[in-house]
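In the numbering used here, the protein residues as written are 14 to 152.
Single-structure report; data block below.
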Amino acid sequence: LSVKPNIWLPPQGKPRDVVLTPEQASRLIAAAKQGDPHVWGFVVLLFASGERAAVVLDLQWAHVDFDAGPLGANGKPVGVYHLEVDLVRDPASKRWSKDRDQIAMSAMVREMLLTLYSSRTRCGFVLEHGGKRIKTCRD
């Protein structure tokens, strides 16, 4: 082309992703801790794992081990939890498989999990309310 065509483009919308500063993240976690413990757990697990909300909501007590993982400063294991994540088995075939991602507990995650563990029900899920699994962050 010898002449550039004049193409109209719509104006760019506002970005949907917001990156929180460490101070904002700390304030959010502190505010969540003052409310419902399950909201606090949801927020902490999102920040600690970096996973999608659906993955965090699927965490079950059977996948939490307080006595495993790397050794902490006190010489005892810090604990681990396993989140089920989607993994691409073969990028060419686009078939998805499930696997468990093992994540060492930070002190904040351990504190939160121990708090929720003390009030757990038969439901089996870490994030539950009234004895029922929380299926979405809107529940």
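Idealized CB from N, CA, C, for every residue including glycine.
Keep in mind that this is a model prediction, so the values were computed, not measured.
Contact under 7 Å by Cβ, residue i with residue j
i, j, result
"L59", "V52", "no"
"L127", "G54", "no"
"V57", "V122", "yes"
"G85", "V91", "yes"
"Q73", "H95", "no"
Bridge-paired residues (DSSP) for residue i
i, result
"A117", "V93"
"K145", "H142"
"L84", "P90"
"Q73", "F138"
"D78", "V93"
8 Å contact criterion, which residue i and residue j should meet: CB distance rounded
i, j, result
"A117", "V93", "6 Å"
"L136", "R146", "First, the amino acid is wrong: residue 136 is Cys here, not Leu. So it is a contact: roughly 6 Å between Cβ atoms."
"E141", "T149", "Actually they do not touch by this definition, with Cβ atoms about 13 Å apart."
"L22", "L33", "Contact doesn't hold; Cβ gap of about 30 Å is too wide."
Beta-carbon contacts of residue i that lie in its chain and below 7 Å, excluding the five residues immediately before and after
i, result
"S119", "A61"
"S39", "none"
Any chain C beta carbon closer than 7 Å to residue i
i, result
"Y130", "Here chain C cannot be found, since the structure has a single protein chain."
Beta-carbon contacts of residue i that lie in its chain and below 8 Å, excluding the five residues immediately before and after
i, result
"S15", "none"
"S132", "P50"
"Y81", "Residue identity differs from the one stated: residue 81 is Ala in this sequence, not Tyr. So the list reads P90, G92, V93, once near-sequence residues are dropped."
"P83", "P90, V91, A117"
"A75", "G137"
Exercise. Which whole runs of the beta strand (DSSP E) in the stretch 42 to 68 are 3 residues long or more, in chain order?
Worked result: none
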